[in-house]
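>
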Amino acid sequence: DQQVKQNSPSLSVQEGRISILNCDYTNSMFDYFLWYKKYPAEGPTFLISISSIKDKNEDGRFTVFLNKSAKHLSLHIVPSQPGDSAVYFCAASVGGTSYGKLTFGQGTILTVHP
Amino acid sequence: NAGVMQNPRHLVRRRGQEARLRCSPMKGHSHVYWYRQLPEEGLKFMVYLQKENIIDESGMPKERFSAEFPKEGPSILRIQQVVRGDSAAYFCASSPGDNRDPRETQYFGPGTRLLVL
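Those protein sequences? They're chains A and B, same order as listed. Going by the numbering used here, the residue at position 70 of the first sequence is 84; the numbering climbs one at a time, nothing skipped. Going by the numbering used here, the residue at position 85 of the second sequence is 94; the numbering climbs one at a time, nothing skipped.
1) Looking at F47 (chain A) and L80 (chain A), is the spacing between their C-beta atoms short of 9 Å?
2) To which residues of the same chain is R87 (chain B) closer than 6 Å at the C-beta, ignoring the five residues directly before and after it?
3) What are the start and end residues of the beta strand (DSSP E) that includes E77 (chain B)?
4) Taking only the alpha-carbon atoms, compute the straight-line gap between G12 (chain B) and L89 (chain A) and give it to the nearest angstrom.
5) Of the residues that make up the stretch 37 to 57 of chain B, which ones have a beta carbon closer than 8 Å to any beta carbon in chain A?
6) At which residue ranges does the stretch 92 to 120 of chain B contain complete beta strand (DSSP E) runs of 3 or more residues, listed in the order of the chain?
7) Given that Q120 (chain A) touches chain B, what residues does it touch there, using C-beta distances under 9 Å?
8) Tell whether a beta-carbon distance below 9 Å holds between Y57 (chain B) and G57 (chain A).
9) Buried or exposed: which applies to V92 (chain B), given that a residue is buried once 16 or more other Cβ atoms fall within 10 Å of its Cβ?
10) Going along the chain, which residues of its own chain have a beta-carbon closer than 8 Å to the beta-carbon of S99 (chain A), five neighbours each way excluded?
11) Hey, which unbroken runs of the beta strand (DSSP E) at 3 residues or more fall wholly within the stretch 15 to 89 of chain A?
12) Can you tell me whether P34 (chain B) is buried or exposed, with buried defined as 16 or more other CB within 10 angstroms of its CB?
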């Protein structure tokens, strides 16, 4: 039962262009969404998040969009840089007593070519 | 300030042996989460612990797996009688346990890669 899905295993982008990573979810109880970045042999690092009461959150080159009716979120990186090459995980959470618990997607490998 | 420490980084076990994975949270953090990443999959929640308490173990397999976070020392994830399907990367995360949202303040360790032969 994959409640958070990242259907694109990989994405290749030219430096300076926009990277768009997509994520779909099925659980309507999710009320908080996060993106993590992971380099090989390291743990995931928090990148950006969005609450279900918003439809957009921006932090520098990173913007996350949330479409609740479609149960879809996306991460935009612009302009993309070679250092952005990593695995990106989308994660979701349900509020409540254990709301630190995260449900992750399978990840998308982003490669940014110089 | 050291981040979340996990050891060993790599662990090889034969079927039927025990595996002990250790996680030292960031200084000042009192909450620990364990996640497992099987090959080609995302991280899956296993257990959430506070000092001396298991708060949520809904992701833990019913048998062979146990976790603890004692008052002193690291958190331990223990897998008894390992099988090949236990081969995975095991990540620990810690959060401060204060008023900040733990969903944004989870810091992950580098993981332990367990290989069962």
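Ideal Cβ placement from N, Cα and C applies to all residues, glycine included. Computed from a predicted model, the values in this text were never measured in an experiment.
Here's the rundown:
1) In the first sequence, the residue the question calls residue 80 (chain A) occupies position 66. In the first sequence, the residue the question calls residue 47 (chain A) occupies position 33. Their beta carbons are under 9 Å apart, which means L80 (chain A) touches F47 (chain A) by this criterion.
2) In the second sequence, residue 87 (chain B) corresponds to position 78, counting from 1. R29, S75, listed in sequence order.
3) Your numbering for residue 77 (chain B) matches position 68 in the second sequence. Note, E77 (chain B): beta strand (DSSP E), 74 to 77.
4) By one-based count along the second sequence, residue 12 (chain B) stands at place 3. By one-based count along the first sequence, residue 89 (chain A) stands at place 75. The straight-line gap from Cα to Cα measures roughly 26 Å.
5) Per Cβ criterion, the list reads H40, Y42, Y44, E49, E50, G51, L52, K53, F54, Y57.
6) Listed in chain order, the complete beta strand (DSSP E) runs (minimum 3 residues) inside the stretch 92 to 120 of chain B are 97 to 104.
7) Stepping through the first sequence from its first residue, residue 120 (chain A) is reached at position 106. Within chain B, the residues near Q120 (chain A) are E49, E50, G51.
8) Here the question's residue 57 (chain B) lines up with position 48 in the second sequence. Here the question's residue 57 (chain A) lines up with position 43 in the first sequence. Result no, Cβ atoms of Y57 (chain B) and G57 (chain A) do not sit closer than 9 Å.
9) As a working mapping, residue 92 (chain B) is identified with position 83 in the second sequence. Result: exposed.
10) Walking along the first sequence from the start, residue 99 (chain A) turns up at place 85. Short of 8 Å from the beta carbon of S99 (chain A), and not among the five residues preceding or following it, lie these beta carbons of its own chain, in chain order: L124, T125, V126.
11) Unbroken beta strand (DSSP E) stretches of 3 residues or longer found wholly inside the stretch 15 to 89 of chain A: 24 to 28, 33 to 39, 46 to 52, 59 to 65, 70 to 73, 76 to 81, given in chain order.
12) Translated into positions along the second sequence, residue 34 (chain B) becomes position 25. Classification for P34 (chain B): buried.
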